[in-house]
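Quick note on my numbering: the sequence shown kicks off at 402 and runs consecutively.
First comes the structure, then the notes that go with it.
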Amino acid sequence: MTEDHYFTARPASADERRIIPVTLAGRDVAVETAPGIFSPGHVDLGTQVLLRAVPDPRGHVLDIGCGWGPIALEAALRGAETVTAVDVNERALDLVRRNAARLGVTVTAASPGEVPADATFDTIWSNPPIRIGKDALHALLATWLPRLAPGGEAFLVVQKNLGADSLARWIGAQGWGAVEKMGSSKGFRVLRVSA
Ligand SMILES: C[S@@+](CC[C@H](N)C(=O)[O-])C[C@H]1O[C@@H](n2cnc3c(N)ncnc32)[C@H](O)[C@@H]1O
């Protein structure tokens with residue numbers, strides 16, 4: 402049997418698109434989703450916790466692991482200067498592009514290797530893919546968190562019982578910036594990294 406994780410590059414499941422109603426940046430909107438991507442039926446609870454906790458984004462924003470795009474779209478709707486959304490899942494990248502067009506905002510959707518190596522970001526918002534495993538997650542964060550511009554801030558939401566506190570300690574030990582636990586809600590913790 403083919404494993405069809407949401408972080409597969411090309412999901413095996415039928416690409417049956419559907420339109421769902423969601424609330425983003427306080428607006429009731431309709432977005433396109435599909436099977437084979439993360440949380441296709443609604444805005445994930447952890448993502449909701451993140452979006453409620455973060456201040457409006459500053460400058461150039463990066464969403465690590467964008468899925469169908471709730472975080473990237475909200476950043477664009479809340480006035481980000483530019484939004485870059487990365488994912489390894491090609492179906493997710495197609496969806497975030499289509500959802501940006503549907504909502505009339507600009508989001509650059511790219512696979513990780515397509516982002517220019519010298520690009521830096523003022524704000525990173527992410528519901529990172531914890532389920533890819535600790536080593537892969539650490540490698541992912543080591544790719545993107547050093548791209549925070551001086552004075553930039555990253556906000557990451559992590560389920561408490563999936564290691565939010567130990568991840569906070571690990572990030573703090575890497576020298577990328579100060580890590581603060583912003584409190585928790587509904588079993589999720591939001592971490593802020595200030596470069
Ligand atoms: C927890 S989901 C969050 C999706 C979306 N941001 C949301 O809030 O609904 C994490 C996402 O990270 C993506 N992902 C997994 N490995 C990745 C990698 N190495 N680089 C970028 N994205 C990755 C997955 O495909 C998935 O879409």
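Backbone N, C-alpha and C fix where the C-beta goes; we use that ideal spot for every residue, glycine too.
Item                                                                                                                                                    : Value
Mind the definition here: the stretch 536-555 touches the stretch 499-510 only if three or more C-beta pairs lie below 8 Å; say whether that holds.     : no
Of the residues Ala413, Thr434, Gly466, which one's Cα is nearest the Cα of arginine 532?                                                               : Gly466
For aspartate 495, does the three-state DSSP call read helix, strand or coil?                                                                           : helix
Give me the residue from Arg453, Arg548, Leu538 with the minimum Cα distance to alanine 569.                                                            : Leu538
Between the C-alpha atoms of glutamine 560 and aspartate 566, what's the straight-line distance to the nearest angstrom?                                : 9 Å
Taking 6 Å as the limit between beta carbons, can you name the residues of its chain near isoleucine 525, skipping five residues before and five after? : Leu463, Ala555
Whole angstroms are fine: how far does the CA of phenylalanine 522 sit from the CA of proline 422?                                                      : 30 Å
List the DSSP bridge partners of leucine 557.                                                                                                           : Ser527, Leu592
Grouping DSSP H, G and I as helix and E and B as strand, with all else coil, what is asparagine 500?                                                    : helix
Using only the heavy atoms of ligand 1, determine whether one of them is closer than 7 Å to the beta carbon of valine 591.                              : no
Of all the beta strand (DSSP E) runs that stay within the bounds of the stretch 408-469, which reach a length of 3 or more residues?                    : 419-425, 428-434, 461-465
What does the alpha-carbon distance come out to for the pair methionine 583 and arginine 590?                                                           : 7 Å
Can phenylalanine 556 be considered in contact with ligand 1, in the sense that its beta carbon sits closer than 7 Å to one or more heavy atoms?        : no
When DSSP labels each residue in this structure, what does proline 471 get in the three-state scheme?                                                   : helix
Per DSSP, threonine 509 forms a beta bridge with which residues?                                                                                        : Thr485
Is it a yes or a no for the stretch 538-547 touching the stretch 467-484, going by three-plus beta-carbon pairs under 8 Å?                              : no
Reducing DSSP to helix, strand and coil, say where glycine 573 ends up.                                                                                 : helix
What does a CB cutoff of less than 8 Å around tryptophan 577 pick up in its chain, not counting 5 residues either side in sequence?                     : Leu546, Pro547, Leu549, Val594, Ala596
Any idea if isoleucine 472 is buried or exposed, counting beta-carbon neighbours within 10 angstroms, 16 or more meaning buried?                        : buried
Which partner residues of valine 580 appear in the DSSP bridge assignment?                                                                              : Val594
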